[in-house]
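Only one structure is covered here, and it is reproduced in the block below.
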Amino acid sequence: MKRILSLLAAVGMLAATTAGFSANAALAADVQLLNVSYDPTRGLYQEINKAFAAQQKSKGDNVTISNSHGGSGSQARSVIDGLQADVVTLALAADLDAISKNGKLLRADWQKRLPQNSSPYTSTIIFLVRKGNPKQVRDWNDLVKPDVQVITPNPKTSGGARWAYLAAWDYAAKQPSGNGDKAKTFVANLYKNVPVLDSGARGSTVTFTKRGIGDVLLSWENEAHLVLKEAGGDQYKILYPSRSILAEPPVAIVDKNVDRKKTRATAEAYLHFLYTPQAQEIEARNYYRPRNPQILAKYRKQFPDIALSTINGAFGGWAKAQAVHFGDGGVFDQIYQPGR
Amino acid sequence: MNKIFSKPTEDPLWLKLTLGIIAVGFIAIMLLMPLVLVFKEALASGVRTFFSAMVEPDTLAAVKLSLLAAAIAVPLNTVFGIAAAWSIAKFDFRGKTFLVTLIDLPFSVSPVVAGLVYVLVFGMQGWLGPTLAGYDIRVLFALPGIVLATIFVTFPFVARELIPLMVDQGRDEEEAAATLGASGFQTFMRVTLPNIKWGLLYGILLCNARALGEFGAVSVLSGHIRGQTNTMPLHVELLYNNYDYTGAFAVAALLAMLALLTLALKSFLEWRYADELAASHRH
Chain A
1 MKRILSLLAA VGMLAATTAG FSANAALAAD VQLLNVSYDP TRGLYQEINK AFAAQQKSKG
61 DNVTISNSHG GSGSQARSVI DGLQADVVTL ALAADLDAIS KNGKLLRADW QKRLPQNSSP
121 YTSTIIFLVR KGNPKQVRDW NDLVKPDVQV ITPNPKTSGG ARWAYLAAWD YAAKQPSGNG
181 DKAKTFVANL YKNVPVLDSG ARGSTVTFTK RGIGDVLLSW ENEAHLVLKE AGGDQYKILY
241 PSRSILAEPP VAIVDKNVDR KKTRATAEAY LHFLYTPQAQ EIEARNYYRP RNPQILAKYR
301 KQFPDIALST INGAFGGWAK AQAVHFGDGG VFDQIYQPGR
Chain B
1001 MNKIFSKPTE DPLWLKLTLG IIAVGFIAIM LLMPLVLVFK EALASGVRTF FSAMVEPDTL
1061 AAVKLSLLAA AIAVPLNTVF GIAAAWSIAK FDFRGKTFLV TLIDLPFSVS PVVAGLVYVL
1121 VFGMQGWLGP TLAGYDIRVL FALPGIVLAT IFVTFPFVAR ELIPLMVDQG RDEEEAAATL
1181 GASGFQTFMR VTLPNIKWGL LYGILLCNAR ALGEFGAVSV LSGHIRGQTN TMPLHVELLY
1241 NNYDYTGAFA VAALLAMLAL LTLALKSFLE WRYADELAAS HRH
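Taken in sequence, the protein lines are chains A and B. Mapping of the first sequence onto my numbering: residues 1 to 340, in sequence order. Mapping of the second sequence onto my numbering: residues 1001 to 1283, in sequence order.
This is how it looks when you write it as structure tokens:
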């Protein structure tokens, strides 16, 4: 009996010490920011956070930035449900619109508050194929061939997947004699070749590389470069299609949260920092296309100049594209039947 | 003689062999091999990489968070489990079967559903979220949410272990204690608790193992903030998705070691106190 009691006491002591531990961890910094981001930015923001903290330190401020990563759509959902993000750096404007609309956490005109549609860096959707490109994939029209398996995440939850979907649509619509109906058939045929829809870009990459499923990965340009770096050698190859889409991952301050946490000044400085030459270099090194023309020119070799359509030009903006293609009962729901 | 009149309890050799091979083979392929592979992957890049992955600050934070969540959830569920088993085994009341069914609920509900239910209750779009936020109380995407989710999924372990044991033991000894003038607390400490201690300990061990390993419900409620709200299982996923396979398998190996430790502890207790254990089973 005594033994049991002493055992219970030991458990209690363990609880007390661990509680003490976490209390210690809570102090340290003067300002704490939480950056809620999407999947492929992990490496990018680890570097950015370090550089920004160093810059603030030289001004006498202790800034600690924490990061959370996941599918862009589900991250937006978490912020709406109460995840205390100071800044959101997501994959597409529609997810920030959702935070503005459903959570009333940021002003509706958020995209006008920072330069270049609030996107300090851009990216695009490209193809990643296996060594030797066994299925001889060259362009979007090769993806609808019956024997080609395409890996791309679920457009309902992943930002990159929505960009990929729209890039495919835009390619089909821009073909000679292309139109909306033909684009819809094209995209429907493409998704018939998708064996698994992961919830985020990183999940799809793991499916393609580690699980070895599929012939082509529709990937963020930056994510594909990361795969090449990780895998080493010539296991995979990046292919640039004839045309793709200019993906503008936007950043914004979550007004309600920064006002409550009194972190607005630091959060704003953090986002402005993303536009500085120092940060633009980091972005380019992490395979994001920098906005700064000089730095873009410097890294031109890794960012081929292909035809890129914009969301505003080709689809009339995110609000419209989101409602037409990805809303409940939208085009994606009409064309995608799982298990076929 | 023997060949013709084999004992009814004696099975033919081929059957014994087949069944044995099936059992051992199944355990080897489904349990042992993956376990060995986890450790092999973790040590693939050398022992030094393994240990440096372990002492990485975010990994340490994840270990601390998991231990803390378990250290809160397990004692609470122990108290609850004893209370529930006590009332169910020693008293008759209306709705008893309903209560037993309710206790089993976390076993049958998917942990993801459990997580989402808490989002509906404590989320900023939910019932209590906005009110609590007014008092600056954060449940979701912070320690309280993780503890809640852990409590939910480990809810039945202690109770489930104790109920059959206590029902089996009946209430004779407690009634005897009462007639001899013992108070309720004395009866519990001196009669009931000694009778159930092995079942209780076993329940706590299982509860603890599950608390450390829970993924689904916690994943919904955590917010995945690196170094802050990532528990050990979530950290395994994060590292895996970060292409940090050594790190992922190092933390996975740590989880596996905790599980093995639990088993070893259980076996040790069974061996060390075999006599008492047998005695308690006689009740």
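Built from N, CA and C at the ideal position, the CB exists for glycine as well. If you're wondering where the values come from, they're calculated on a predicted model, not measured in any experiment.
Taking 8 Å as the threshold (C-beta atoms), are residue j and residue i in contact?
i         : j         : result
B:Val979  : B:Phe1249 : Outside the displayed span of chain B (1001 to 1283) sits residue 979 of chain B, for which this structure offers no information.
B:Ala1069 : B:Val1139 : no
A:Leu96   : A:Leu90   : yes
A:Leu114  : A:Ser66   : no
A:Phe326  : A:Arg162  : yes
B:Val1191 : B:Ala1177 : yes
B:Leu1205 : B:Leu1265 : yes
A:Ser100  : A:Leu92   : no
B:Lys1090 : B:Glu1174 : yes
B:Ile1059 : B:His1235 : Per the sequence shown, the amino acid found at residue 1059 of chain B is Thr instead of Ile. Closer than 8 Å, so yes.
B:Thr1229 : B:Ala1053 : no
A:Asn222  : A:Tyr287  : yes
A:Val251  : A:Asn193  : no
A:Ser72   : B:Phe1141 : no
A:Arg264  : A:Ile253  : yes
A:Ser309  : A:Asp170  : yes
B:Leu1162 : B:Leu1200 : yes
B:Ala1217 : B:Ala1159 : no
B:Leu982  : B:Thr1262 : Given a span of 1001 to 1283 for chain B in the structure shown, any question on residue 982 of chain B remains unanswerable.
A:Asp139  : A:Ala267  : no
B:Met1124 : B:Ala1133 : yes
A:Gln111  : A:Arg291  : no
A:Ser74   : A:Val36   : no
B:Ile1103 : B:Pro1156 : yes
A:Pro120  : A:Leu246  : no
B:Leu1043 : B:Phe1051 : no
A:Gly200  : A:Ser158  : yes
Chain A beta carbons: is any one of them nearer than 8 Å to that of residue i?
i         : result
B:Leu1017 : no
B:Gln1169 : no
B:Gly1020 : no
B:Ala1256 : no
B:Gly1134 : no
B:Asn1242 : yes
B:Pro1012 : no
B:Gln1186 : no
B:Phe1141 : yes
B:Leu1265 : no
Please confirm whether residue i has its beta-carbon closer than 8 Å to some beta-carbon of chain B.
i        : result
A:Asn286 : no
A:Thr84  : One detail in the question is off: residue 84 of chain A reads as Gln in this sequence, not Thr. Yes, its Cβ sits closer than 8 Å to a Cβ of chain B.
A:Gly20  : Model confidence at A:Gly20 stands at a pLDDT of 41, short of 50, so the residue's coordinates are unreliable; what they give is reported in the following sentence. By this cut-off, A:Gly20 is not an interface position.
A:Asp328 : no
A:Glu230 : yes
Name, please, each residue of chain A whose Cβ falls closer than 9 Å to the Cβ of residue i.
i         : result
B:Met1054 : Under the 9 Å cutoff, chain A gives no residues; its nearest Cβ is about 16 Å from B:Met1054.
What does residue i reach in chain A if we use C-beta pairs closer than 8 Å?
i         : result
B:Gln1125 : Ile80, Asp81, Asn102, Gly103
B:Val1024 : The premise fails here: B:Val1024 is roughly 29 Å from chain A at the closest Cβ pair, so nothing lies under 8 Å.
B:Arg1138 : Gly82, Gln84
Can you list the residues of chain A that residue i reaches, using a CB-CB cut of under 7 Å?
i         : result
B:Ile1225 : Leu34, Ser66, Ser68
B:Gly1129 : Gly82
B:Val1119 : Asp81
B:Phe1249 : Residues of chain A passing the Cβ test: none, with the nearest at roughly 13 Å.
Can you pull the chain E neighbours of residue i, defined as C-beta to C-beta under 9 Å?
i         : result
B:Phe1080 : No chain E appears in this structure, whose protein chains are A and B.
Quick one: list the residues of chain B neighbouring residue i, beta-carbon separation under 7 Å, in chain order.
i        : result
A:Glu221 : Correct list: empty, because the minimum Cβ distance to chain B is about 17 Å.
* Counting Cβ pairs, one atom from each stretch, are 3 or more of them under 8 Å apart for the stretch 142–155 of chain A and the stretch 298–309 of chain A? -> no
* Taking only beta carbons into account, state which residues of the stretch 36–50 of chain A come closer than 7 Å to chain B, listed in chain order. => Arg42
* To do: Inspect the CB distances between the stretch 122–129 of chain A and the stretch 232–247 of chain A and report whether three or more fall short of 8 Å.
  => yes
* Under 9 Å (Cβ pairs) to chain B, residues found in the stretch 193–205 of chain A -> Gly200, Arg202, Gly203, Thr205
* Can we say the stretch 55–69 of chain A touches the stretch 207–223 of chain A, given the rule of at least three CB pairs closer than 8 Å? -> no
* Stretch pair the stretch 1068–1083 of chain B + the stretch 1149–1156 of chain B: three plus CB contacts closer than 8 Å -> yes
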